[in-house]
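**Student:** Take 2 as the starting number for the sequence shown in our numbering and just add one per residue.
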Amino acid sequence: MKLLKTRNIACSIILAVSLVMGSFYPVDAKAASRIKDIVSFEGVRDNVLVGYGLVVGLNGTGDSLTNVPFTARSLVSMLERLGVNTTADLSTMKTKNVAAVMVTATLPPFSAQGSKVDVVVSAMGDAKSLQGGTLLVTTLQGADGEIYALAQGTVVSGVTASGQSGSSITKGVPTSGRISSGAIVEREVDFNLSALSSTKLSLRNPDFTTAKRIAEAINTYEKAVIAYPLDSGTVIVSLDYNKRSDIVGFMNSIEQLTVVPDDIARVIIDEAAGVIVMGEDVRISTVAVAQGNLTIKISETQEVSQPEPFSRGGNTEVITHSDISIDDSSESRMTVLKSGVSLQTLVENLNALGVSPRDMMQILQSIKAAGALQADLEVI
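1. Can you tell me whether L378 is helix, strand or coil according to DSSP?
2. Going by DSSP in three states, P230 sits in which element: helix, strand or coil?
3. Alpha carbon to alpha carbon, what distance is there between E256 and G250?
4. Quick check: the Cα distance between V348 and S203, rounded to an integer number of angstroms?
5. Distance, Cα to Cα, E272 vs N206?
6. Nearest to P230 by CA position, among I215, L240, K244, N243, is which residue?
7. Does DSSP put V49 in a helix, a strand or coil?
8. Assuming contact is defined by CB atoms lying nearer than 8 angstroms, are A152 and L136 in contact in what I supplied?
9. Taking C-beta to C-beta, are D64 and A101 nearer than 8 angstroms?
10. Per DSSP, K224 forms a beta bridge with which residues?
11. Spatial neighbours of P27 within its chain, please: CB distance less than 6 angstroms, with the 5 preceding and 5 following residues excluded, ordered by chain position.
12. Would DSSP call D38 helix, strand or coil?
13. In terms of residues, what are the limits of the alpha helix (DSSP H) holding Q366?
14. With 16 other CB atoms within 10 Å as the buried threshold, where does I180 fall?
15. Using the C-alpha atoms, what's the distance from R267 back to I297?
16. With respect to the alpha helix (DSSP H) encompassing I265, which residues constitute its N-terminal and C-terminal limits?
17. Suppose the cutoff is 6 angstroms on Cβ atoms and the five residues either side in sequence are ignored; what does the same chain contact list for S116 look like?
18. Whole angstroms are fine: how far does the CA of S130 sit from the CA of G377?
19. Any idea if S158 is buried or exposed, counting beta-carbon neighbours within 10 angstroms, 16 or more meaning buried?
20. Checking 8 angstroms against the spacing of the C-beta atoms, do N98 and G54 come in under that value?
21. Determine, using beta carbons only, whether I237 and K201 come nearer to each other than 8 angstroms.
22. Considering only heavy atoms of the ligand FMN, does any lie closer than 7 angstroms to the CB of T259?
23. Do you know whose CA, among V261, L194, R284, V174, lies nearest D208's CA?
24. Would the beta-carbon of L108 fall within 8 angstroms of that of D47?
25. How many Å lie between M1 and K95 at the Cα?
26. Between which two residues does the alpha helix (DSSP H) carrying M79 extend?
27. Would you call K224 buried or exposed, if buried means 16 or more other Cβ atoms sit within 10 Å of its Cβ?
28. Between which residues of its own chain and D119 is the CB-CB distance below 6 angstroms, once the five residues before and five after are set aside?
29. Starting from L240, follow its DSSP beta bridges and name the residues at the other end.
30. With a CB to CB cut of under 6 angstroms and the five nearest residues on each side skipped, what residues in its chain are close to K37?
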């Protein structure tokens, strides 16, 4: 009796724990996304950098100085800065171990002075390959013209090889390469997040419903109205003194909140690649669809006609026989799609007709033209 009572108490505890855990994991939890994955915080952004430099040490795959004069001028200017006085005529310079390049990099937010970032090096002239070359010290500037980083290092790029018979093989892009941790940050971007009285959350996919849900999730968590949607792409969050004093902890709490993002029904068609992408909320009105093609196939065979042996006046001639066949797709069927049909039903009905992806593109565009497709149709 005591054992039975103990079991009943254990079952009650398990049931209570299950109900409590169920309250933390709603049915649609899989559809929810963290706020940090669907918004960008004001001021927390990358900055692009660009610079012009020279890559040296190439194995005869650099620029032809006679064809690319700016490479020759840059080479002479660099030598003079290093104290090498050169009076050579640019037209007489024959080296092919130097290439003029553009250097680009992305400066992450809050990058500290002395930290390193990757750089991308791209040839500007007629260089054949940058593999194995060394980028000389190059200043990287921002949009404001200030220098934020210095780049230098060995370029790793694609490989190309060719034989004496003219055959060649190329792997990757030999005229573009990368230097891992090739730039040192010399100047920090001045931005003090804790000095803001409010911050803006920018939605990566603007939507009024999603913006409202984000504001509601933040207000529910804070148990106060501190967030409100400004428009479909922006949510403003007020920051009082307590939050600014621990801005990192507050941002961490906000970005971990989950919401269910909403979006408009959209159908994307990539005709070049033959790809169709349809959203979950795509619906169509009642419409009849038939898929059929008229195919005419003409095949020709040639035969040789020769005269009889020892005959006079006969000639050997080539005779062409034509065979024409017509396929009117008489076995094709028409299907009726009822109003409000979902994406799955639409695809199942089109597949039942034996529709190929190419034909499905034409059918979807025709349904949209008929006004029966309740979604945005975008052809790229």
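All C-beta atoms, glycine included, are put in the ideal place defined by N, C-alpha and C. Model, not experiment: these values are computed from the prediction.
**Tutor:** Concretely, from the data shown:
1. strand
2. strand
3. 10 angstroms
4. 35 angstroms
5. 24 angstroms
6. I215
7. strand
8. yes
9. yes
10. Note: K224 sits in no beta bridge, so no partner.
11. Low local confidence applies: a pLDDT of 43 at P27 is under 50, so the model's placement there is unreliable, and no value is given.
12. helix
13. 358 to 370
14. buried
15. For I297, the predicted structure reports a pLDDT of 41, less than 50, and the residue's modelled location is therefore unreliable. A value from the coordinates is still provided. Taking the straight line from one Cα to the other gives about 36 angstroms.
16. First-last for I265: undefined, no H or E at that position.
17. V186
18. Sequence inspection shows Asp at residue 377; the Gly mentioned does not correspond to that position. Each residue's alpha carbon lies about 45 angstroms from the other.
19. buried
20. no
21. yes
22. Looking for the ligand FMN in the displayed structure turns up nothing, as the structure carries no ligands at all.
23. V261
24. yes
25. Any question about residue 1 goes unanswered here, given that the chain covers just 2 to 381.
26. 70 to 82
27. exposed
28. S181
29. L240 is not bridged to any residue.
30. E256
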